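The structure appears below as structure tokens.
Residue numbers (my numbering): 1067 to 1718.
Written out as structure tokens, the structure reads:
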């Protein structure tokens, strides 16, 4: 999937009537400037005591940190920001006072760019500070390393490290920081994770000091060619996700642009870390091209040359008209395509003052274009499939009220409203084409979609797909669930004597296909808290330092849990080549053959050795060694807490 948060809509005349907090709050809708297809986002800026702040700077930031628009607050702390609208989600807003000592950041997901009512209330607080120290594999400070902070999957700040290997960041206290990363050519890459579990929306307070170590690298070159085998210059290329050994999860770098192709179409990355737990997909991001097969780097293949073929985009143009035939300005449209690639198309736009629109779509994908407006709908345009660089004109839409697909979501024995739950509506088109819409339930549990006629699939709380046909009337579907799909699990990890343990915990749902597993850690005092699917789950907790472990099954209703770890077994072995030479940095994983598979991953050291030092007894494990050209597995049936030494893996 190729989806990036950004945004588009805005504008209007600012009047003195909006100078007070009360008047701003009572604004009924955001006024649109049809010529620019933009929206005006209103808001109020105050300090923590509620005092209005005049002269605060409000910046709209794209996912890569670029500022798309800017304004200042006036009397009463009020501001009006004009935002370009070109995506499902809005830009993040960075707001700071004139002294630049108070700040706040508002996520692009905090407001809906498709809705008229958007009033932002920003409370500025003192900036937080952190110092990031970057060292090389020997512990020596590294100057001129690139250090970057990401919040809510977008780049927030960046700075080179100084002569002492340090980069100092000041950032909004309410920023939900995901990662701080550092990399340098000839040294490697490392990242700090600002969470104890994943996936989760829970973020920690960034510590005042963060230490990162660049302890080895390999070089990867990505060559970008067009369909006529010609090199393409100035194309952004970025490692999508990087997962290092020993980390809870991966660093997602897809919002950034970490490399660009040169005149020969080559982007070079001389800092890819050697201690990878999985391969790396390289994202090709360019408004001119689509890359149907993203290049993929396998670990343990140093100095790799990859190749990416990009296709020039196609153009679809048309007009949207009201029922009386007049042009419809400021109407949102969404396009979505499916083809023989996982990288499917999704794009958004709005009509101009004359009702016209233009979308750049991917070639060779069956594409649907739909009206996604609050007040109007029309039959979607389906069956669109174009060759590279083709132009399709006169894709026109005639608006009507359309039809509502709506209902109520409730939970629990008292049928309480299920607020902030996602309803999903998927339009079905020819040749497997689809167009996906989402609606978040309000405080009363109400969701709604306004659509044109067509065949759809509706998914509500229970995750089941309901096939529906919208033809000539509104449709209503309610859903009830005993408990919300996701909840919180908290508890404590100890040994048999009650001593708190710092453990790694892995979880997998039982009987719930498609629900991703999770990884989390207990803190120094043994406590943990994580978000999870409210499913029956199997948990594996391990303490590699004290060689303790346990595996338990928990129920969907479980909210708190005490884990008492017991003496564990270990599995170790050696990987060699056919000449008996030890192989380092070879990926080795251990997968449990339990109710739901749990997988642990490690790498071989300089002597070709690997170890899984804490595994619970009475479980069967499959240990698999993987190189670029070979994969071998061995079964281990653990019956007691002892060391299990495997016969050597000899690569072919």
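A virtual CB, placed ideally from N, CA and C, is assigned to each residue, including glycine. The structure presented is a predicted model; accordingly, all values stated were derived computationally and were not measured.
- The Cβ atoms of residue 1345 and residue 1363 lie closer than 8 Å to each other.
- Looking only at 1457, 1467, 1436 and 1454, the smallest Cα-Cα distance to residue 1448 is reached by 1436.
- A Cβ-Cβ distance of about 7 Å is found for the pair residue 1308 and residue 1319, placing them in contact under the 8 Å criterion.
- Here residue 1656 has 1666, 1678, 1687 and 1689 as same chain residues with Cβ atoms under 6 Å from its own Cβ, once five neighbours each way along the sequence are excluded.
- For residue 1379, there is no enclosing beta strand (DSSP E), as DSSP marks it with neither H nor E.
- For the 8 Å CB-CB criterion, residue 1350 and residue 1286 do not form a contact.
- Secondary structure at residue 1277: strand, using DSSP grouped into helix, strand and coil.
- When the alpha-carbon of residue 1137 is set against those of 1164, 1709 and 1116, the nearest one is in 1164.
- It is roughly 16 Å from the alpha-carbon of residue 1335 to the alpha-carbon of residue 1213.
- For residue 1625, no beta strand (DSSP E) segment is defined, and its DSSP state is neither H nor E.
- Only residues of its own chain outside the window of five on either side were considered, and among them 1291 have a CB closer than 6 Å to the CB of residue 1375, listed in chain order.
- Between residue 1397 and residue 1417 the beta-carbon gap is near 5 Å, inside 8 Å, which marks them as a contact.
- Judged by their CB atoms, residue 1668 and residue 1696 are not nearer to each other than the 8 Å cut-off.
- Contact between the region 1452-1462 and the region 1372-1387 is established, with three or more Cβ pairs separated by less than 8 Å.
- Relative to residue 1148, the option among 1109, 1601, 1700 and 1629 whose CA is nearest is 1109.
- With respect to the 8 Å criterion, residue 1222 and residue 1248 are not classified as neighbours on the basis of their beta carbons.
- When beta bridges are read from the DSSP output, residue 1356 appears opposite 1377.
- The criterion of a C-beta distance shorter than 8 Å is satisfied by residue 1340 and residue 1283.
- When Cβ pairs closer than 8 Å are counted between the two stretches, the region 1509-1525 is seen not to touch the region 1562-1581, the count staying below three.
- Taking the Cα positions, residue 1630 is about 16 Å away from residue 1707.
- The criterion of a C-beta distance shorter than 8 Å is satisfied by residue 1427 and residue 1379.
- Judged by DSSP secondary structure, residue 1525 falls within the beta strand (DSSP E) whose first and last residues are 1520-1525.
- Judged by DSSP in its simplified three-state form, residue 1406 adopts coil rather than helix or strand.
- Contact between the region 1637-1647 and the region 1614-1625 is absent, with fewer than three C-beta pairs closer than 8 Å.
- Using a C-beta cut-off of 8 Å, the region 1589-1607 makes contact with the region 1548-1568, since at least three inter-stretch Cβ pairs fall below that distance.
- Look at the beta carbons and you see the region 1269-1277 not touching the region 1324-1333: under three pairs across the two are nearer than 8 Å.
- Under the DSSP assignment, residue 1186 falls in the beta strand (DSSP E) whose first and last residues are 1185-1192.
- Under the three-pair Cβ rule at 8 Å, the region 1534-1554 counts as touching the region 1478-1490.
- For residue 1687, the pairing in a beta bridge is given by DSSP as 1658 and 1702.
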